[in-house]
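FYI, in full-length UniProt numbering the residues of the sequence shown are 1 to 457. To start, the structure itself, in structure tokens.
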Amino acid sequence: MGPTPTRARWAIGSGVRNLSTRRYSLSQATEQLFTLPTLHTPIPTPRRAGEQTNPAMPAADPPAAADAAADEGAPAHAPTPRPPRPLALASALPFWFYLAAAVSLVALLLPRISPASSSPAPLPPLLRGHLASGSVLKLDPAPGLFAVTSRPGGGGGTAHRVLILPGLAAGSFSFRRVLSLLSSRGVLAAALDLPGQGLSPAPPAAPAPARTSVLREIMDRGVFHAFEHLVQTGEVPYQEEPAAPPAPAPHAPAEAAETVARAVEALGMAPVHLVLHDSALAAGAAFASANPGAVRSVTLVDATASLPAFPAAVFDVPVLGRLVLRVPALFRGLVRLCCARGMGAEEAEAHRAAMRGEGRAQGVIEAWKAMNHSFQLEEWRGSSDEVRRLPMMVLWSGSWSDTWIDEGKKVVAALPDAKFVYHSGGRWPQEDASEEISGLIAEFVTSSEEASGGRIE
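What follows is the structure, encoded as structure tokens:
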């Protein structure tokens, strides 16, 4: 007769309790083993009687045994991962250190890459030919301006007269083809490089304010003169006089307009049809306001008072500006990116050579800093009856960017009575759309003269 179910259940329960007791004893022994101090000598493993020791087999690894014991007892737990190390300020210091070291090294080696020679570098053929076609007008007071004139074939004194003021860093060189195309249409065209830009000489530096030397006065008048002066006037002697206000920069729009007026008088071209490109807007507007009888019409070619196409800010960075001027590929890429996408390598090299002239890069930077950012086209248009009656045309790039097209819409809103035409060129259309804009200018000048009822005698 087999065991009853009650006895079977009792036997199974006893076996489970014995197994649990043995597992608990094994786990407790393992825990006590690893709480002892770590010894350099391995703990011998007891072996049963009659069991042979295999010398080829290494002793059991205590951590492995502990893991095995833990697996047999409580459930296994994965080790807690170390939290990520927080980023400290010291981790960023090596990057900035190496960056500063690299920039300093470039600044030290850059003057030695192309050492300055006693003779200036030869001008590119395009720029040399343009320089030969014009001349520097010696004006009083200085500075002088470089002017180039293109006269129509066959002579005649009744040709329409157009005066072009190029924008920042563009120079009269960029309008060389426009001048030639205008003269082929019977227009007397001239272009002026504004002070310190293009091929115009750098304006003379302002004299440093005179400073009184206290030691020199004491040596000349004596020590006791100070006490006498204090008793008589009650003022402390030997005080430095307050510095006089600085003279206005010749690159500022108002001063540039005065220089343009003297140049127009020297050329004998008045009255003129004024063409203002890019940042020359403020200077040309000031010239038209101050000399209303010398202007017959105004044409704006992508003109703006505060958003010039040429990135002068790049050249205001000491190392970066010099690097761009020294490397032709960098300068060419910058001009194509910001001014005219279709500019050729020879034209870009001529512009770079013009910028590398003595004081030219600094002149462009100073002109950029002196721009009149508060100029409002709408306010200028309504500033006087003479300005309000001037015929106006706006030529604007319709393919440069959506942002630039939006700027053109602002000009349309400010000049609702002006003729507005989109052209296919860039911010410097005189370089990549010279045929198109020269035809538009000649047509507008002719229609303005016909509307005014006469020609210029």
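Where a beta carbon is used, it is the ideal one built from N, C-alpha and C, also for glycine.
What distance in whole Å lies between the Cβ atoms of residue 148 and residue 445, which are believed to be in contact at a cut-off of 8 angstroms? Residue 445 to residue 148, Cβ: 18 angstroms. No contact.
Counting along the chain, where does the alpha helix (DSSP H) carrying residue 400 start and finish? Taken as a continuous stretch (DSSP letters only), residue 400 belongs to no alpha helix (DSSP H), as it is neither H nor E.
Could you check whether residue 442 and residue 182 sit closer than 8 angstroms to each other, using their CB atoms as the reference points? Yes.
So, helix, strand or coil for residue 419, using DSSP? Residue 419 falls in the strand class under three-state DSSP.
Straight-line gap, residue 34 to residue 97 (C-alpha atoms, nearest Å): Note that residue 34 scores 47 on pLDDT, short of 50, meaning its location in the model is unreliable; the coordinates nonetheless yield the value given after this. The alpha-carbon atoms of residue 34 and residue 97 are separated by roughly 49 angstroms.
Neighbour-count burial assignment, residue 386, 16 or more Cβ in a 10 Å radius: It counts as exposed.
Burial state of residue 197, where buried means 16 or more other Cβ atoms lie within 10 Å: Around the beta-carbon of residue 197, 16 or more other beta-carbon atoms lie within 10 Å, marking it buried.
Contact the region 394-406 vs the region 278-296: 3+ CB pairs below 8 angstroms: In the pairwise beta carbon analysis, the region 394-406 is classified as not touching the region 278-296: fewer than three pairs are separated by under 8 angstroms.
According to DSSP, is residue 373 part of a helix, a strand, or is it coil? DSSP places residue 373 in coil when its eight states are reduced to three.
According to DSSP, is residue 332 part of a helix, a strand, or is it coil? In the structure shown, the three-state DSSP call for residue 332 is helix.
Reducing DSSP to helix, strand and coil, say where residue 313 ends up. Reduced to three states, the DSSP call for residue 313 is helix.
Give a yes or no on whether the C-beta atoms belonging to residue 308 and residue 404 are separated by under 8 angstroms. No.
Residues near residue 451 in its chain [Cβ-Cβ closer than 8 angstroms; skip 5 each side]: Taking C-beta separations shorter than 8 angstroms and ignoring five residues to either side along the sequence, the partners of residue 451 in its chain run 391, following chain order.
Beta-carbon within less than 7 angstroms of residue 151's beta-carbon, same chain only, minus the 5 sequence neighbours each way: which residues are those? Only 183, 188 meet the Cβ criterion.
Can you give the Cα-Cα distance for residue 328 and residue 176, rounded to whole angstroms? Approximately 22 angstroms, taken between the alpha carbons.
C-alpha distance - residue 159 paired with residue 185, whole-angstrom precision: The straight-line gap from Cα to Cα measures roughly 10 angstroms.
First and last residue of the alpha helix (DSSP H) that includes residue 177? Where residue 177 is concerned, the enclosing alpha helix (DSSP H) stretches over 176-184.
Coil, strand or helix - residue 293 by DSSP: Collapsing the DSSP output to three states places residue 293 in a helix.
So for residue 187, helix, strand or coil by DSSP? Assignment of residue 187 by DSSP, reduced to helix, strand and coil, places it in the strand class.
Own chain partners of residue 430 with C-beta closer than 6 angstroms, once the 5 adjacent residues on each side are dropped: Exclusion of the five residues before and after residue 430 leaves 174, 175, 178 as the residues of its chain whose Cβ lies within less than 6 angstroms of its Cβ.
First and last residue of the alpha helix (DSSP H) that includes residue 352? Here the alpha helix (DSSP H) through residue 352 covers 345-355.
If distances are taken between C-alpha atoms only, which option among 267, 167, 124 comes closest to residue 144? Of the candidates 267, 167, 124, the one whose C-alpha sits nearest the C-alpha of residue 144 is 267.
One question on the structure: do residue 384 and residue 292 come within less than 8 angstroms of each other, judged by their Cβ atoms? Closer than 8 angstroms, so yes.
When you compare only the Cα positions, how much space is there between residue 254 and residue 195? Rounded to whole angstroms, the separation of the alpha carbons of residue 195 and residue 254 is 12 angstroms.
Where the alpha helix (DSSP H) through residue 161 begins and ends: According to the DSSP assignment, residue 161 belongs to no alpha helix (DSSP H) but to the beta strand (DSSP E) extending over 160-165.
Cutoff 7 angstroms; reference residue 133; Cβ partners in own chain excluding five residues on either side: The answer, listed in chain order, is 148.
Whole angstroms are fine: how far does the CA of residue 305 sit from the CA of residue 375? When rounded, the distance between both Cα atoms is 6 angstroms.
Please state whether the Cβ-Cβ distance between residue 302 and residue 278 is less than 8 angstroms. Residue 302 is a Cβ neighbour of residue 278, given a cutoff of 8 angstroms.
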